[in-house]
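Down below is the structure, laid out as structure tokens.
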Amino acid sequence: YNIESGEVIRVSLEKVGNLGIDSSGDIIVWDEDSPITSSSDIYGFNLKTRQRFPIYIEKDDQFLPKISGDRVIWIDMREETGWISQLLKKEHCQIRGKIFRHWPGEEK
Numbered sequence: 016y017n018i019e020s021g022e023v024i025r026v027s028l029e030k031v032g033n034l035g036i037d038s039s040g041d042i043i044v045w046d047e048d049s050p051i052t053s054s055s056d057i058y059g060f061n062l063k064t065r066q067r068f069p070i071y072i073e074k075d076d077q078f079l080p081k082i083s084g085d086r087v088i089w090i091d092m093r094e095e096t097g098w099i100s101q102l103l104k105k106e107h108c109q110i111r112g113k114i115f116r117h118w119p120g121e122e123k
């Protein structure tokens, strides 16, 4: 929802995760239940180009994405053990990330 113009833009047709939605500049990131992997994956939307794009699609759940500038990080629940699992003493998880030189749909 654009507060200034009142325009509503639908960025996803799937169920968006309860925890993970964030934005920086013209980019929105979120976790969404994927029909492809039957788990939660990370997606993005470029408000300038109006294009939706996958950021990370993999088995098990990826959720709680955060974005700052051209960097996106998220929690990854694949079976590797990361430092955060030692802190939480829960399920295996890791912080993963991706750096974009150019957002999908933008000219280089």
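Count along the sequence shown from 1, add 15, and you get the number used in my numbering.
The beta carbon of each residue, even a glycine, is placed where N, CA and C say it ideally should be.
When secondary structure is reduced to three states using DSSP, N61 falls in the strand class. Residue pairing by DSSP places I82 opposite V87 in a beta bridge. Exposure of G40 is indicated by the presence of fewer than 16 other C-beta atoms within 10 angstroms of its C-beta. DSSP places I36 in the strand class (E or B) of the three-state scheme. In this structure, the CA atom of D76 is about 35 Å from the CA atom of S20.
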